[in-house]
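Just add 13 to wherever you are in the sequence shown, counting from 1, and you've got this note's numbering.
The beta carbon of each residue, even a glycine, is placed where N, CA and C say it ideally should be.
Just below is one structure, and these are the notes that go with it.
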Amino acid sequence: DFCSTTSTQHLIVVIIILGSLGVLFGLLVIMYYKYQHQIKVWLFAHGILLCWVSEEDIDQDKVYDAFVSYAEGDYGFVVHTLLPELEKSFRICHHLRDFIGGEWFAAQIYQKV
14 DFCSTTSTQH LIVVIIILGS LGVLFGLLVI MYYKYQHQIK VWLFAHGILL
64 CWVSEEDIDQ DKVYDAFVSY AEGDYGFVVH TLLPELEKSF RICHHLRDFI
114 GGEWFAAQIY QKV
């Protein structure tokens, strides 16, 4: 009688521990899928588990490869020389062409590049 009570108690403890671990694992899986992009960006930025993260994963939601910032006096060079050359290989964000008027400048750079 004593052995069966002890066995039952041990079984209950094991079931509670395994159930708790299962719930914890399930929550971690849900959190990973919900925040997958943010997790991959953090891993890539810190050089951790790079075999799981590619640069394409990080940049999948970006429209442009680069943003060109320049002084007003360089407008002619940028528009007529630099941009045509760069745009042969890259998607370049040019604020006069690609930005939405009235929105915050820095926020648009962050969103697009």
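Going by the beta-carbon positions, is the gap between residue i and residue j smaller than 9 Å?
i      : j      : result
ILE105 : ASP72  : no
VAL81  : LEU63  : no
ASP70  : PHE57  : yes
LEU96  : HIS108 : no
HIS50  : ASP74  : yes
PHE103 : PHE112 : no
So the alpha helix (DSSP H) residue i belongs to, where does it begin and stop?
i      : result
HIS108 : 108 to 111
LEU96  : 96 to 99
Under the DSSP definition of a beta bridge, which residues are partnered with residue i?
i      : result
ILE105 : ALA79
Rounding to the nearest angstrom, what Cα-Cα distance links residue i and residue j in this structure?
i     : j      : result
LEU41 : THR94  : 50 Å
LYS53 : LYS47  : 12 Å
PHE38 : GLY32  : 10 Å
ILE25 : THR18  : 11 Å
GLU68 : GLY115 : 31 Å
THR21 : HIS59  : 47 Å
Within the stretch 43 to 80, ranges of the alpha helix (DSSP H) (whole runs, at least 4 residues): 49 to 58, 68 to 71
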